[in-house]
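A.B. asks: Numbering (the working numbering), first residue to last: 219 to 399. Even for Gly, the Cβ is constructed at its ideal location relative to N, Cα and C. These numbers were taken from a predicted model, which means no experiment stands behind them.
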């Protein structure tokens with residue numbers, strides 16, 4: 219199988235799993251579904267599956283990790299799009315969550331996705347408790363570093379910054395979640 223077809227297969231797998239986690243009814247789940255299932259490359263979960271494949275790991279053992287990292291990524295994009303941050307109105311060629319559902323609902327949507335990411339890992343009984351704890355620790359670390367990177371980004375808006383600050387910002391804001399994948 220070539221990389222392109224593997225990428226597509228991994229993305230389809232995570233989309234199906236994500237859809238399964240977002241089946242309840244209600245306005246929060248509606249905005250969560252909108253934000254998670256309406257597009258995106260799925261690069262982070264695809265990376266998770268590619269590494270699992272390289273180590274001949276059963277995908278059932280990494281589904282929760284692939285979903286969790288994508289849920290954290292989706293939550294971060296929702297918060298990043300808010301007027302208080304980057305103030306973006308469009309995400310995946312459609313209205314950003316705060317434009318479709320309002321700012322308050324967008325914040326809650328991001329919060330819900332973050333909580334769901336951790337719940338998905340906690341409840342994965344394909345993994346022993348020690349492995350789940352290690353995965354939770356890694357996702358927590360990556361989430362915090364991602365927030366640090368966003369904080370750096372906001373603190374230097376309209377300022378000239380040195381290359382080390384720029385590299386540190388990107389390492390945290392983007393790299394932390396990629397390394398977690």
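1) Taking only three categories from DSSP, how would you classify residue 251?
2) What whole-angstrom Cβ distance do residue 283 and residue 266 have, given they're in contact under 8 Å?
3) For a test of the three-state rule: what should DSSP assign to residue 263, helix, strand or coil?
4) Determine the burial state of residue 312: buried for a count of at least 16 other Cβ atoms within 10 Å of its Cβ, exposed for fewer.
5) With distance defined between alpha-carbon atoms, name the residue in 298, 337, 362, 364 nearest to residue 240.
6) Could you please give the first and the last residue of the uninterrupted alpha helix (DSSP H) stretch that includes residue 386?
7) Suppose the cutoff is 6 Å on Cβ atoms and the five residues either side in sequence are ignored; what does the same chain contact list for residue 304 look like?
8) Go ahead and label residue 372 buried or exposed: buried means 16 or more other beta carbons lie within 10 angstroms of its beta carbon, across all protein chains shown.
9) Which same chain residues, not among the five before or five after residue 229, have their C-beta less than 7 Å away from its C-beta?
10) Please report how far the alpha carbon of residue 392 lies from the alpha carbon of residue 377, in whole angstroms.
C.D. replies: Inspection of the coordinates gives the following:
1) Looking up residue 251 in the chain shown gives position 33. If DSSP states are grouped into helix, strand and coil, residue 251 belongs with the helices.
2) If you number the chain shown from 1, residue 283 lands on position 65. If you number the chain shown from 1, residue 266 lands on position 48. Between residue 266 and residue 283 the Cβ distance is about 5 Å, and since that is below 8 Å, they are a contact.
3) One-based indexing of the chain shown puts residue 263 at position 45. For residue 263, the secondary structure class from DSSP, reduced to helix, strand or coil, is helix.
4) Residue numbering aside, residue 312 sits at position 94 when the chain shown is read from its first letter. Classification of residue 312: exposed, given that the 10 Å Cβ count is below 16.
5) Position 22 of the chain shown, counted from the first residue, corresponds to residue 240. The candidate whose alpha carbon is nearest that of residue 240 is 337.
6) Locating residue 386 in the chain shown gives position 168, counting from the first residue. Annotation: the continuous alpha helix (DSSP H) that includes residue 386 extends over 381 to 388.
7) Position 86 of the chain shown, counted from the start, is the residue given in the question as residue 304. Excluding positions up to five away in sequence, the list reads 298.
8) One-based indexing of the chain shown puts residue 372 at position 154. Around the C-beta of residue 372, fewer than 16 other C-beta atoms lie within 10 Å, and the residue is accordingly described as exposed.
9) If you number the chain shown from 1, residue 229 lands on position 11. Excluding residues within five positions, the ones whose Cβ falls inside 7 Å are 260, 264.
10) For this step, residue 392 is matched to residue 174 along the chain shown. For this step, residue 377 is matched to residue 159 along the chain shown. One C-alpha to the other measures close to 20 Å.
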